[in-house]
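Novice:
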Amino acid sequence: MGAILGGLGAALAWAAATACSTRSSRAIGPTAALGAVMVFGLALLLPVLAIRLPHDVSSGTWAWLAASGAANVGGLLMAYRALSTGALGVVSPIVSAEGGVTAVISVAAGQRLGATRAAALVGVISGCMLVAWQAGRSAPSVPVPHDPHHTEVVARAIGWAAGAACVFGFGLYATGQVAGDEIPLAWAIVPPRVIGVLLVSLPLLARRRLAVPRAVLPYALGGGALEVAGFASYALGARSDVAVAAVMASITGAVAAGLGRLFFHERLARHQVAGIALIVAAVAVLGAE
Numbered sequence: 001m002g003a004i005l006g007g008l009g010a011a012l013a014w015a016a017a018t019a020c021s022t023r024s025s026r027a028i029g030p031t032a033a034l035g036a037v038m039v040f041g042l043a044l045l046l047p048v049l050a051i052r053l054p055h056d057v058s059s060g061t062w063a064w065l066a067a068s069g070a071a072n073v074g075g076l077l078m079a080y081r082a083l084s085t086g087a088l089g090v091v092s093p094i095v096s097a098e099g100g101v102t103a104v105i106s107v108a109a110g111q112r113l114g115a116t117r118a119a120a121l122v123g124v125i126s127g128c129m130l131v132a133w134q135a136g137r138s139a140p141s142v143p144v145p146h147d148p149h150h151t152e153v154v155a156r157a158i159g160w161a162a163g164a165a166c167v168f169g170f171g172l173y174a175t176g177q178v179a180g181d182e183i184p185l186a187w188a189i190v191p192p193r194v195i196g197v198l199l200v201s202l203p204l205l206a207r208r209r210l211a212v213p214r215a216v217l218p219y220a221l222g223g224g225a226l227e228v229a230g231f232a233s234y235a236l237g238a239r240s241d242v243a244v245a246a247v248m249a250s251i252t253g254a255v256a257a258g259l260g261r262l263f264f265h266e267r268l269a270r271h272q273v274a275g276i277a278l279i280v281a282a283v284a285v286l287g288a289e
């Protein structure tokens, strides 16, 4: 139950963070939006880090922490690029396939999944593929900024989203490897913020390209806080079962698609709705198993 609740909490937080990121990345660009989110996320974690310092951490754990941080930053940059040109209701379900990628890696690494869990995993991945396939065929039904009828724009957004899913999937697996009791929870989720600030925020600041307009500030702040909350929830769930927590987190796409319809007036084609419904059904089966 801990893995299910942790994954679900992560899905809700990440879906809201994705909606915030859509606003900020379209307003100031994906790189600047990521830089702002990293700064705000790290600022939130700094007081917590001082409360409990890690002791006797193995070199292997530090390596997993570094891998987790790098993957998260790379995945976020890809996702923000996708959101800057693609519809939230299309991009997010594809990115949410990260849970399926994590589960596949976990199984390949030796974790055993029962028949029901395996079927649910297939359902999640199939739903994400259905959303992506429909988006590529019917670009006019999914309005995107700048050039809503340009097939290449839609295809490029789908490509960035698929790349983000793969990178995120590895990052979630890496986070699961350090989500135990060896290090405090905050230290398991801080690496992406540190790496993001060093590699993205500080270079932008040096070039004076990290300015965040007042109208965008609430979305950047919200995105940073929700990203941290989502990773904390996932890390807690991964302590029980990495694969289950990751697949539960895949409901992010369905939630974000609904937010895209509500806040961005995006239209979803019938096949996309069917794909989202398949994701929700698969996750529900997993939760009831």
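Take the sequence shown: its position 42, counting from 1, is numbered 42 in UniProt numbering, and each next residue is one higher. Note that the Cβ used here is the ideal one computed from N, Cα and C, for glycine as well.
Mind checking residue 58: buried by the 16 CB within 10 Å criterion, or exposed?
Specialist: With fewer than 16 other Cβ atoms within 10 Å, it is exposed.
Novice: Inspect the beta-carbon positions of residue 126 and residue 80 and report whether they are closer than 8 Å.
Specialist: No, they are not a contact pair.
Novice: Would you kindly check if the distance between the Cβ of residue 178 and the Cβ of residue 64 is under 8 Å?
Specialist: Cβ atoms of residue 64 and residue 178: closer than 8 Å.
Novice: Reducing DSSP to helix, strand and coil, say where residue 293 ends up.
Specialist: Beyond the ends of the chain as shown, which are 1 and 289, falls residue 293; an answer cannot be given.
Novice: Is it buried or exposed for residue 292, if we count other Cβ within 10 angstroms and need 16 for buried?
Specialist: The shown model of the chain, from 1 to 289, leaves out residue 292, and the question about it has no answer.
Novice: In angstroms with no decimal places, state the Cα-to-Cα distance between residue 282 and residue 195.
Specialist: Cα to Cα, residue 282 sits roughly 34 Å from residue 195.
Novice: To the nearest angstrom, how far is it from the Cα of residue 48 to the Cα of residue 186?
Specialist: Each residue's alpha carbon lies about 7 Å from the other.
Novice: Go ahead and pull the three-state DSSP assignment for residue 167.
Specialist: In the structure shown, residue 167 sits in a helix (DSSP, three-state: H, G or I).
Novice: Quick check: the segment 13-21 against the segment 205-214, are at least 3 beta-carbon pairs closer than 8 Å?
Specialist: Touching, no.
Novice: Write down the C-beta distance between residue 3 and residue 250 rounded to the nearest angstrom, noting that I regard them as a contact closer than 8 Å.
Specialist: So it is not a contact: roughly 13 Å between Cβ atoms.
Novice: Tell me, to the nearest whole angstrom, how far the beta carbon of residue 11 is from that of residue 86; I am working on the premise that it is less than 8 Å.
Specialist: Incorrect: roughly 20 Å between the Cβ atoms, too far for contact.
Novice: Might you give, ordered along the chain, the residues of its own chain that have their beta carbon closer than 8 Å to the beta carbon of residue 205, omitting 5 neighbours on each side?
Specialist: Cβ neighbours of residue 205 beyond the five flanking positions: 35.
Novice: Taking the runs of the alpha helix (DSSP H) that are 4 residues or longer, which of them lie wholly in the segment 189-269?
Specialist: Entirely contained in the segment 189-269, the alpha helix (DSSP H) runs reaching 4 residues are, in chain order, 191-196, 202-206, 217-238, 242-249, 252-263.
Novice: Taking the alpha-carbon positions, what's the residue 269 to residue 278 distance?
Specialist: Their backbone Cα atoms lie some 14 Å apart in a straight line.
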